[in-house]
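Q: Take a look at this one; I'll ask things after.
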Amino acid sequence: MKIGNIEIQIKKGDITEEKVDAIVNAANNSLLGGGGVDGAIHRKGGPRILEQCIKHRGCPTGEARITTAGDLPCRYVIHTVGPIYGNNNGMDEILLFNAYFNSLKLAQEYGIKTISFPSISIGAYSYPIHDAVKIVYNAIKEFSKTNEIIEEINLVLYSDENHQIYRDFFDKLPQN
Ligand code: APR
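For our numbering, count along the sequence shown from 1 and bump the result up by 2.
Printed below as a string of structure tokens:
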């Protein structure tokens, strides 16, 4: 399906195996690694990713930072920090929107044409997936209005259940 001028794929799989220009990491404010997607990316990508993360000296929630992809089959990792659900004085939605939007903005600045996202904040950060998926759509739709570079966005889900939830939502959208 398309959102504006961007081809959208909803996929089930392991984001560390994506052969795209960039994958997005669901990081924390320290950018020093963790579990979940963050752990998988650092484990498989190797120490060069962390070396560059350290130079960024952290990342505020909703913002994005870019590093090498190290040993991963993509070129870049864009690290973004989603909100911990319920911890942000009612700003959860805006912060999750910003995490996607700012990752896309940074990707465009680096001439990235294909990019894969995990489902940010819906794991350890407990964001309800049915609420999060609407925000993912809104952020991509808003970004597409000024997009000139990105051609394809893959939304990569790790479980059948989450994959089905995303697919059900996107399949119901009016096709443009
Ligand atoms: N590929 C794709 N998706 C994955 C992968 C993977 N290899 N591993 C996990 N996921 C899924 C999880 O199942 C979840 O649905 O990514 C989603 C996001 O979960 P988390 O990785 O827990 O990310 P988040 O909820 O944003 O929490 C971030 O967790 O790992 C720490 O350092 C990280 O503190 C930060 C927090």
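Glycine residues also receive a C-beta, built at the ideal position from the N, C-alpha and C atoms.
Just to confirm my understanding: we take S32, look at its own chain, exclude 5 residues before and 5 after, and list those with CB closer than 7 Å. What are they?
A: G60
Q: At which residue ranges does the region 88-123 contain complete alpha helix (DSSP H) runs of 4 or more residues, listed in the order of the chain?
A: 94-111
Q: For the beta strand (DSSP E) containing E144, list its first residue and its last residue.
A: Taken as a continuous stretch (DSSP letters only), E144 belongs to no beta strand (DSSP E), being part of the alpha helix (DSSP H) at 131-146.
Q: In three-state DSSP terms, what is R50?
A: helix
Q: Shorter than 7 Å, the distance from the beta carbon of V39 to the closest heavy atom of the ligand APR, or not?
A: yes
Q: Using DSSP's beta-bridge definition, name the partner residues of Y78.
A: A24, T70
Q: What number of angstroms, rounded off, separates the C-alpha of I151 from the C-alpha of I86?
A: 30 Å
Q: Which residue from V26, H58, D170, D40 puts its Cα closest to that of I131?
A: D170
Q: Expressed to the nearest angstrom, what Euclidean distance is found between the alpha-carbon atoms of I8 and S146?
A: 7 Å
Q: So, at 8 Å on beta carbons, what are the nonlocal neighbours of D16 in its own chain, with the 5 sequence-adjacent residues on each side left out?
A: Contacts found: A42, V158, Y160.
Q: Looking only at C-alpha atoms, which of C55, I155, I10 sits nearest to A29?
A: C55
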